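Notes follow once the structure below has been shown.
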Amino acid sequence: MDGRRTPDRLVVGISGATGIAYGTRVLELARKAGVETHLVVTPAGQQTRAYETDLSVRDLAAMADVVYRPADIGAAIASGSFRTMGMIVAPCSIRTLSAVAYSNGDNLLTRAADVTLKERRRLVLMVRETPLTLGHLRAMTAVTEAGAVVMPPVPAFYLRPRTVDEIVDHTAGRALDLLGIEVPDLPRWGEEPAGPPNREEEIL
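Per this note's numbering, the sequence shown runs over residues 195 to 398.
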């Protein structure tokens with residue numbers, strides 16, 4: 195270790211699963227936290243953008259500090275010498291999960307994820323698929339054994355969210371939590387009142 199501070203720099207990958215709102219919100223919250231973001235979106239991720247949002251390619255690119263083409267395997271994030279806090283893939287398709295689990299760096303997203311693992315940095319995969327097959331579960335086991343964190347975007351209903359945006363915000367914030375990125379005003383159990391319990395008293 196050379197004692198140098200790791201830059202406040204995060205790699206964000208967006209693959210072709212449904213749930214691109216998680217990726218865009220990660221970008222927004224990271225920017226608010228003062229973290230530099232490096233974005234790579236797969237072709238399938240761009241298709242999802244068109245299906246699920248009104249964002250153009252340029253709109254999405256403007257949400258990040260640096261944007262790379264998926265085919266650019268010579269990009270900075272393809273090298274372990276490019277220091278980052280880690281990487282979040284949001285959403286993460288099963289294809290991307292499987293490629294990362296078995297070190298198949300066939301595009302810049304999966305190569306960057308592999309680099310994150312080999313450098314022992316935090317890799318968070320927001321896997322968006324259900325139900326899960328045995329093959330999916332085995333890939334999740336393999337990638338977890340390699341050091342990644344599998345984080346399906348499961349809503350925290352104990353916070354009593356009132357809108358879809360609140361659900362997305364909390365899940366994206368929790369993903370950033372896993373990399374030590376502080377998200378202001380993120381509701382937390384025991385720190386934010388969730389309202390009175392809605393239950394009848396026990397009858398003795």
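Glycine residues also receive a C-beta, built at the ideal position from the N, C-alpha and C atoms. What you are looking at is a predicted structure, and each value in this text was computed from that prediction instead of being measured.
Grouping DSSP H, G and I as helix and E and B as strand, with all else coil, what is residue i?
| i | result |
| --- | --- |
| Tyr296 | coil |
| Ile282 | strand |
| Gly367 | helix |
| Ile361 | helix |
| Leu317 | strand |
| Gly207 | strand |
| Val309 | helix |
Count the other C-beta atoms from every protein chain shown that fall within 10 angstroms of the C-beta of residue i, then say buried if there are 16 or more, exposed otherwise.
| i | result |
| --- | --- |
| Ser250 | exposed |
| Ser273 | exposed |
| Leu303 | buried |
| Tyr352 | exposed |
| Val206 | buried |
| Asp235 | Strictly speaking, residue 235 in this sequence is Val, with Asp absent from that position. Buried, by the Cβ-count rule. |
| Pro325 | exposed |
| Leu328 | exposed |
| Pro264 | buried |
With a threshold of 7 angstroms on Cβ separation, who are the neighbours of residue i within its own chain once the five nearest residues in sequence on each side are excluded?
| i | result |
| --- | --- |
| Asp202 | Gly228, Val229, Glu230 and Met279 |
| Arg305 | Ile267, Ala272 and Gly299 |
| Tyr216 | Ala284, Pro285, Met320, Pro347, Val362, Thr365 and Ala366 |
| Val344 | Leu319, Val321, Met334, Val337 and Thr338 |
Within its chain, find whatever has a CB closer than 6 angstroms to the CB of residue i; leave out the 5 residues flanking it on each side and keep chain order.
| i | result |
| --- | --- |
| Arg315 | Gly280 |
| Asp308 | Ser297 and Gly299 |
Given residue i, which residues of its chain have a CB within under 8 angstroms of its CB, disregarding the five upstream and five downstream residues?
| i | result |
| --- | --- |
| Leu373 | Leu204, Met279, Gly280, Ile282, Arg316 and Val318 |
| Val348 | Thr365 |
| Lys226 | Val377 and Pro378 |
The beta strand (DSSP E) spanning residue i covers which residue range?
| i | result |
| --- | --- |
| Ile214 | No beta strand (DSSP E) holds Ile214; the alpha helix (DSSP H) holding it covers Ile214 to Lys226. |
Return the first residue and the last residue of the alpha helix (DSSP H) that residue i is part of.
| i | result |
| --- | --- |
| Glu230 | Where Glu230 is concerned, there is no enclosing alpha helix (DSSP H), although the beta strand (DSSP E) it sits in stretches over Glu230 to Val235. |
| Val377 | No alpha helix (DSSP H) contains Val377, which DSSP labels as neither H nor E. |
| Ile339 | Here the sequence assigns Glu to residue 339, which means Ile is not the residue at that position. Leu328 to Glu339 is the span of the alpha helix (DSSP H), which, as asked, contains Glu339. |
Only counting runs of 3 or more residues, tell me where the beta strand (DSSP E) segments fall wholly within the region 250–274, in order along the chain.
260–262
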